[in-house]
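*Asks:* Once you've had a glance at the structure underneath, I'll fire off some questions.
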Amino acid sequence: MTNLDSAAVGRPRFRPLLPRDLALIALFAALIAALGLFGMIPLGPVAITAQTLGVMLAGTLLGVRRSVLAVLCFQVLTLAGLPLLSGGRGGLAVLFSPSAGYFLGWLPGVLTIASLAPRQGKPYSLIRALLANVLGGIVVIYAFGLPVAAWRLGSGVSATVLAAVEFLPGDIIKAVVAALIGRSLLRAFPIPAAGLRRGEDF
Numbered sequence: 032m033t034n035l036d037s038a039a040v041g042r043p044r045f046r047p048l049l050p051r052d053l054a055l056i057a058l059f060a061a062l063i064a065a066l067g068l069f070g071m072i073p074l075g076p077v078a079i080t081a082q083t084l085g086v087m088l089a090g091t092l093l094g095v096r097r098s099v100l101a102v103l104c105f106q107v108l109t110l111a112g113l114p115l116l117s118g119g120r121g122g123l124a125v126l127f128s129p130s131a132g133y134f135l136g137w138l139p140g141v142l143t144i145a146s147l148a149p150r151q152g153k154p155y156s157l158i159r160a161l162l163a164n165v166l167g168g169i170v171v172i173y174a175f176g177l178p179v180a181a182w183r184l185g186s187g188v189s190a191t192v193l194a195a196v197e198f199l200p201g202d203i204i205k206a207v208v209a210a211l212i213g214r215s216l217l218r219a220f221p222i223p224a225a226g227l228r229r230g231e232d233f
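Per our numbering, the sequence shown starts with residue 32, numbered consecutively.
Here you go:
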């Protein structure tokens, strides 16, 4: 057996989540919920909230598995009836609102962010983190949100896209803030990849 074979045997490709990972998942699900306490700015039937900042931070800091599970945990609890969305919304009625597509888009959005963001244990690139948050936190979420909003409102895709321009400045600011916070936190408190104990190689 070669050294490479030994390394491959010693490093399983899939590592079970550690208690630390589960705590991070719960923490960021709670963070997304807490950001809903800041309320919302209504712009027609769809409102601006701070909760997408929590989604962006999860993707930037946690890696793919933990960030997806954090958002999924939040969504399941919300659909189960807990009033975790801004304005105290929750339950299955969320799926029939004009903002349903944005809500459902959080999962592929955070997956995109985590897949593109700087890897744990690697040099942090602010530009890469910003691009990851713009693509996942804005482009992907809008790709789910706009068609559903147009369908629910009966206003047509073009009119809905034009109305969504009002959201862009705030979402771009959130993407910048998430990238900056990610750089500061990962420099001060490096987070091991999911399943890795501190001191192990990434």
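We put the CB at the ideal spot given by N, CA and C, even for glycine.
Since we're looking at a predicted model, the values are computed, not measured.
1) Mark A219 as exposed unless 16 or more other C-beta atoms lie within 10 angstroms of its C-beta, in which case mark it buried.
2) Counting C-beta neighbours from all protein chains within 10 Å, is the total for L217 16 or more, i.e. buried, or is it exposed?
3) For L100, which of A160, I56, G201 has the nearest alpha-carbon?
4) Note down the Cα distance separating L68 from R120, rounded to an integer number of angstroms.
5) Is L166 close to chain B? Criterion is C-beta to C-beta, closer than 8 Å.
6) Check this for me: beta carbons of V86 and T109, under 8 Å apart or not?
7) DSSP on R51, reduced to helix/strand/coil?
8) I204: buried (16+ other C-beta within 10 angstroms of its C-beta) or exposed?
9) How far does the alpha helix (DSSP H) with S146 in it extend, from its first residue to its last?
10) For M32, name the three-state secondary structure that DSSP assigns.
11) Rounding to the nearest angstrom, what Cα-Cα distance links A64 and G94 in this structure?
12) Which of helix, strand or coil does DSSP assign to L115?
13) State whether the stretch 181–198 contacts the stretch 139–157, with contact taken as three or more CB pairs (one from each stretch) at a distance under 8 Å.
14) Per DSSP, what kind of secondary structure is R228 in: helix, strand or coil?
15) According to DSSP, simplified to helix, strand and coil, what is R97?
*Replies:* In terms of the structure at hand:
1) exposed
2) buried
3) I56
4) 11 Å
5) The displayed structure is made up of one protein chain only, and chain B is not part of it.
6) no
7) helix
8) exposed
9) 131–147
10) Note on M32: pLDDT 45, under 50, position unreliable in the model; the coordinate value appears next. Residue state, collapsed to three classes: coil.
11) 20 Å
12) coil
13) no
14) coil
15) helix
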